[in-house]
Amino acid sequence: MTRAAITAIAGYLPDYILTNQELEKMVDTTDEWIMTRTGIKERRILREPGKATSDMGAAAVLELCKKRGISPDEIELLICATVTGDLVFPATANIICDKIGAKNAWSYDLGAACSGFLYSLVTGAQFIQSGTYKKVVIVGADKMSSIIDYTDRATCVIFGDGAGAVLLEPTTENVGIQDFILRTDGSGCQHLHMKAGGSLMPPTHQTVDERLHYVHQEGQAVFKHAVYNMAEVSAEIMEKNKLSSNDISWLVPHQANKRIIDATANRMGVGPEKVMMNIEKYGNTTAGTIPLLLWDYEKKLKKGDNLIMAAFGGGFTWGSVWLKWAYDPK
Ligand code: UT7
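Numbering of the sequence shown is given in the working numbering, commencing with residue 232 and proceeding in unit increments.
#1: Among G419, K426, E467, S361, which one has its Cα closest to the Cα of F454?
#2: Kindly provide the ranges of any beta strand (DSSP E) runs that are 3 or more residues long and lie completely inside the stretch 397 to 426, ordered along the chain.
#3: Could you pull the start and end residues of the beta strand (DSSP E) that D493 belongs to?
#4: For the candidate residues G550, Y243, Q252, whose alpha-carbon lies nearest to that of M461?
#5: Could you spell out where the beta strand (DSSP E) holding W553 opens and where it closes?
#6: What's the gap between the Cα of Y513 and the Cα of S346?
#7: Considering just the uninterrupted stretch of the alpha helix (DSSP H) at F348, what are its terminal residues?
#8: Just list the beta strand (DSSP E) runs in the stretch 249 to 291, keeping only unbroken ones of 3 residues or longer that don't cross its boundaries, in chain order.
#9: Does DSSP classify T238 as helix, strand or coil?
#10: Any heavy atom of the ligand UT7 closer than 6 Å to the beta-carbon of T269?
#11: From A235 to T313, what distance separates their C-alpha atoms?
#12: Report the three-state DSSP secondary structure of L532 (helix, strand or coil).
#13: Between which two residues does the beta strand (DSSP E) holding D340 run?
What follows is the structure, given as structure tokens:
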């Protein structure tokens with residue numbers, strides 16, 4: 232049986248660090264409130280003029296190719312999960328391919344907000360498992376600072392910018408993607424969306440004046456759904472595959488709020504020593520969180536480790552993926 236394995240991982244984070252102390256000067260908030268309610272201390276912001284989501288994605292993919300010792304020409308398909316594409320069209324994935332010289336790849340974007348990386352990973356894996364391709368790159372990248380209202384304390388403290396990328400290759404060993412559960416509930420749109428800029432409400436002077444081109448989030452409503460669904464879907468994939476908490480090496484949770492992560496770990500019966508976490512340093516980078524976690528923890532991962540990746544986000548979208556890690560630390 233051919234499975235899709237992650238054979239390399241890379242990331243990119245902008246240099247500029249936006250701290251809670253700096254946010255205290257911008258909006259009515261405190262380091263204490265942000266830390267206790269979210270677990271975030273600082274986040275990265277892409278401030279250079281003319282730089283966009285594709286620049287972060289391209290940097291991550293170039294590092295990925297270097298690590299694996301392949302040329303960008305060898306990539307057959309590149310999927311970019313993002314909600315902050317460089318342009319409304321064409322796809323940011325196409326721009327990444329152009330920037331890195333991936334001349335033989337076809338590419339597209341996938342918009343599933345904070346679940347975008349998992350949706351894209353599972354989609355890309357199908358092309359590997361079917362035998363169609365041997366090298367598929369999945370990018371999770373978001374420049375959230377481009378759609379955040381830095382006068383709105385309820386959202387501006389949470390989000391940051393960043394990108395991660397993984398290479399999927401076929402394997403006949405018992406590693407790689409083992410199972411997944413992905414879900415969508417479009418009725419959740421009302422609680423988390425961007426009002427203007429799409430075909431429903433194209434941009435006008437009025438939409439700009441009314442600050443409608445920013446993330447609109449009803450925090451508590453999203454929180455309730457996130458806590459419940461991310462925990463449930465993670466427990467469900469364990470039950471479905473008869474995995475006990477002892478079988479789990481790592482929980483790899485989307486980094487939206489430390490309280491949501493803790494609730495998921497509790498529901499799975501997994502202790503904090505098995506939970507990947509970097510929310511304190513980077514905040515919520517939307518599609519970037521899960522590959523950036525894998526990148527940060529790569530040296531601790533061993534071949535055969537059972538990882539449960541879990542996410543919840545705008546849409547609503549959510550899901551979990553069971554992956555067996557494919558290589559030992561280099
Ligand atoms: O990643 C995609 C999915 N997104 C999520 O999973 C996010 C889910 N939601 C959350 O993480 C949390 O709801 C937030 C972190 C966004 C907010 O935390 P909360 O504990 O749900 O706060 P709240 O919205 O219930 O607000 C409580 C109070 C309010 O004041 P009053 O009305 O009680 O006086 C807010 O105005 O906290 C106030 N508040 C703040 N105070 C200081 C909201 N934001 C801030 C802030 N600093 N930054």
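Note that the Cβ used here is the ideal one computed from N, Cα and C, for glycine as well.
All values derive from a computational prediction rather than experimental measurement.
Based on what the coordinates show:
#1: G419
#2: 407 to 415, 423 to 425
#3: Where D493 is concerned, there is no enclosing beta strand (DSSP E), although the alpha helix (DSSP H) it sits in stretches over 489 to 499.
#4: G550
#5: 548 to 555
#6: 17 Å
#7: 347 to 360
#8: 273 to 276
#9: strand
#10: yes
#11: 22 Å
#12: coil
#13: 337 to 341
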